[in-house]
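> Under my numbering, residues 27 to 415 are what the sequence shown spells out, in order. Note that beta-carbon positions come from the ideal geometry of N, C-alpha and C, so glycine has one too. Note that the coordinates shown come from a computational prediction; the quantities given were computed from them, not determined experimentally.
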Amino acid sequence: MKNLTIGLLPRLIIGIIAGILVGLFLPEWIGRLLYTFTHLFGQFLVFMVPLIIVGFIAAGIAELGAKAGKLLAGTAGLAYGSTVLAGVLAYFVSTGIIPRFIEHGDVGESTSGLAPFLEISTPPIFGVMTALVTAFVFGLGINYLKQKENRTALFNWMDEFRSIIVLVITKVIIPFLPLHIAGIFADMAASGEAFQTLAVFARVFLVIIGTHLLWIITQYTIAALRTGVNPFKAIRQMLPAYTTALGTMSSAATIPVTLASVKSNGVSDRTAEFVVPLSATIHLAGSTITLVACSVAVLILNGITPEFGMFFQFILLLGVTMIAAPGVPGGAVVAAIGLMASVLGMTDAQLGLMFALYMAQDGFGTACNVTGDGAIALIVDSMDSGPEA
Numbered sequence: 027m028k029n030l031t032i033g034l035l036p037r038l039i040i041g042i043i044a045g046i047l048v049g050l051f052l053p054e055w056i057g058r059l060l061y062t063f064t065h066l067f068g069q070f071l072v073f074m075v076p077l078i079i080v081g082f083i084a085a086g087i088a089e090l091g092a093k094a095g096k097l098l099a100g101t102a103g104l105a106y107g108s109t110v111l112a113g114v115l116a117y118f119v120s121t122g123i124i125p126r127f128i129e130h131g132d133v134g135e136s137t138s139g140l141a142p143f144l145e146i147s148t149p150p151i152f153g154v155m156t157a158l159v160t161a162f163v164f165g166l167g168i169n170y171l172k173q174k175e176n177r178t179a180l181f182n183w184m185d186e187f188r189s190i191i192v193l194v195i196t197k198v199i200i201p202f203l204p205l206h207i208a209g210i211f212a213d214m215a216a217s218g219e220a221f222q223t224l225a226v227f228a229r230v231f232l233v234i235i236g237t238h239l240l241w242i243i244t245q246y247t248i249a250a251l252r253t254g255v256n257p258f259k260a261i262r263q264m265l266p267a268y269t270t271a272l273g274t275m276s277s278a279a280t281i282p283v284t285l286a287s288v289k290s291n292g293v294s295d296r297t298a299e300f301v302v303p304l305s306a307t308i309h310l311a312g313s314t315i316t317l318v319a320c321s322v323a324v325l326i327l328n329g330i331t332p333e334f335g336m337f338f339q340f341i342l343l344l345g346v347t348m349i350a351a352p353g354v355p356g357g358a359v360v361a362a363i364g365l366m367a368s369v370l371g372m373t374d375a376q377l378g379l380m381f382a383l384y385m386a387q388d389g390f391g392t393a394c395n396v397t398g399d400g401a402i403a404l405i406v407d408s409m410d411s412g413p414e415a
């Protein structure tokens with residue numbers, strides 16, 4: 027008999043429903059027991075954040091350096107620029123639209139909620155900014171030693187370290203995430219906030235998907251100005267990659283389909299086979315749009331004004347922090363959790379809510395990411411071979 031597997035999104039939905047039922051109908055001690063797990067798991071996430079940043083970014087930079095040259099510089103620059111500009115667009119769209127239908131207090135006045143039976147603090151080894159600097163120092167240093175002196179011991183060690191981090195994410199964080207979310211919604215249900223929260227964020231998702239589509243059109247319009255392609259025909263050629271990413275929720279898993287779609291737009295094999303795998307790890311414009319829009323909504327609900335200066339810093343760091351996020355559903359939000367806490371000041375409960383909100387539409391964010399990879403490939407191909415008519 028084949029093993030019955032349930033995808034992450036259905037498990038998250040089950041977790042949300044189960045948490046609400048626990049908070050509404052079961053004895054309080056059961057809710058508190060579930061919320062105790064949520065508290066401890068949240069502390070574990072906080073502890074893992076710097077390790078995730080170092081593991082992803084240092085190993086990613088060490089790998090990228092093996093492909094130095096104009097293609098690397100062009101692709102990395104365009105990917106980072108696209109990610110940052112997408113985040114800025116998401117900020118202005120979100121702050122312009124979201125306050126029209128949600129405001130502080132829309133989720134109602136909460137009661138006491140649930141309290142964990144046991145509270146344990148597991149502070150991280152070092153802070154987020156220290157992790158970022160450490161990742162760059164080690165990533166660039168290992169890259170240099172590997173390329174100039176053919177010394178690979180540290181590279182192999184860092185690659186194995188990243189493998190351990192990916193193992194923790196795939197075997198611990200992602201599998202137990204639905205239970206973590208269940209505890210958060212059990213607390214919301216006990217305090218009377220669950221249904222109002224779900225109703226509010228259904229409208230936020232419409233804003234997010236609309237912003238995704240707007241950014242895809244913008245990217246291909248820019249590519250058309252450079253290459254002369256028909257932007258809407260190019261987007262249509264990318265639909266197989268878009269729909270595949272919608273189902274897999276993984277840029278890495280979609281690479282074969284993205285490659286075929288990019289080549290069908292006339293991009294050379296050489297450029298496509300370099301740009302697509304690289305962009306799958308460093309270009310996360312759709313994910314950034316989602317994180318920014320959801321963050322704006324969460325802060326507004328908690329009576330905090332989403333100031334541009336704070337969010338611009340968040341977006342700039344986000345474009346770096348998500349480098350080489352693993353090709354698994356939810357990799358981007360796991361990598362970004364430290365910034366949401368340190369830059370935006372989110373609490374554990376708000377971070378848990380961000381997990382649920384992000385994962386509920388992860389497929390759309392990933393689809394936006396990989397579709398935008400096609401626009402980057404078009405531009406890089408024209409830089410490599412000269413503008414074509």
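Which same chain residues end up closer than 7 Å to L365 when comparing Cβ atoms and leaving out the 5 residues on each side of it in sequence?
So the qualifying residues of the chain are V154, F340, L343, L344 and T347.
> So for N256, helix, strand or coil by DSSP?
N256 falls in the coil class under three-state DSSP.
> Can you tell me whether DSSP reads S408 as helix, strand or coil?
Of the three classes helix, strand and coil, the one that applies to S408 here is helix, per DSSP.
> Less than 7 Å separating the beta-carbons of L78 and A361?
Rather than Leu, the amino acid found at residue 78 in this sequence is Ile. For I78 and A361, yes; Cβs fall inside 7 Å.
> From which residue to which residue does the alpha helix (DSSP H) around Q339 run?
Here the alpha helix (DSSP H) through Q339 covers F334 to T347.
> Hey, G165 and A88: beta-carbon distance below 7 Å or not?
In contact: G165 and A88 (Cβ atoms closer than 7 Å).
> Around the C-beta of M214, are 16 or more other C-beta atoms found within 10 angstroms, so that it is buried, or is it exposed?
Counting Cβ neighbours within 10 Å, M214 comes out buried, since at least 16 surround it.
> In whole angstroms, what separates the C-alpha of T331 from that of L379?
Approximately 18 Å between the Cα atoms of the pair.
> From I40 to L205, what distance separates their C-alpha atoms?
Each residue's Cα considered, the two are about 9 Å apart.
> Taking the alpha carbon of F73 as the point to measure from, which residue in Q173, I195 and G122 has its own alpha carbon closest?
Out of Q173, I195 and G122, I195 has the C-alpha closest to the C-alpha of F73.
> Taking its Cβ as the centre, do 16 or more other Cβ atoms sit within 10 Å of Y170, making it buried, or is it exposed?
That one is exposed.
> Return the residue from the list D399, P76 and L310 that minimises the CA-CA distance to T297.
Checked all of D399, P76 and L310; the closest Cα to T297 is D399.
> Please report how far the alpha carbon of T244 lies from the alpha carbon of G68, in whole angstroms.
Each residue's alpha carbon lies about 37 Å from the other.
> Let me know the secondary structure DSSP gives F143 once reduced to three states.
Three-state DSSP puts F143 in coil, outside helix and strand.
> Measure from the alpha carbon of S305 to the alpha carbon of each residue in V406, L52, A323 and D185, then state which is nearest.
Closest by alpha carbon: V406.
> In whole angstroms, what is the alpha-carbon distance linking A286 and T247?
Using only the alpha carbons, I get a separation of about 21 Å.
> Does the Cβ of W241 have 16 or more other Cβ atoms within 10 Å, making it buried, or fewer, making it exposed?
Per the 10 Å Cβ criterion, buried.
> Apart from the five residues just before and just after C320, which ones in its own chain have a Cβ nearer than 8 Å to its Cβ?
Contacts found: F227, V230, I234, M380, L383 and Y384.
> Roughly how many whole angstroms lie between the Cα atoms of G134 and N291?
With a pLDDT of only 48 at G134, under 50, the local geometry of the prediction cannot be trusted, and the value read off the model is given with reservation. Distance between the alpha carbons of G134 and N291: 50 Å.
> When the distance is taken between beta carbons, is V80 closer than 7 Å to P150?
Taking 7 Å as the Cβ cut-off, P150 and V80 do not qualify as a contacting pair.
> My assumption, with CB atoms under 8 Å, is that G357 sits in contact with A271. Please give the rounded CB distance.
About 13 Å; that fails the 8 Å criterion.
> What do you reckon, are the CB atoms on A105 and A249 nearer than 7 Å?
It is not a contact, given that the beta carbons lie outside the stated cut-off.
> Please report the Cβ distance between G391 and I315, rounded to the nearest whole angstrom; I am assuming they are in contact, meaning their Cβ atoms lie under 8 Å.
Confirmed, about 7 Å.
> Quick one, which of V159, G254, T62 and F338 has its alpha-carbon nearest A116's?
Checked all of V159, G254, T62 and F338; the closest Cα to A116 is F338.
> In chain order, what residues of the same chain lie with their CB nearer than 6 Å to the CB of M264, ignoring the 5 residues before and after it?
These residues qualify, in order along the chain: S287, T397 and G400.
> Ignoring anything shorter than 4 residues, give me the alpha helix (DSSP H) runs that lie fully in the stretch 143-210, in order along the chain.
Complete alpha helix (DSSP H) runs here, min 4: 154-174 and 179-194.
> What number of angstroms, rounded off, separates the C-alpha of I13 from the C-alpha of A44?
Residue 13 lies beyond the residue range present for the chain, which begins at 27 and ends at 415; the question has no answer from this structure.
> Kindly indicate which three-state DSSP category M264 falls into: helix, strand or coil?
DSSP places M264 in coil when its eight states are reduced to three.
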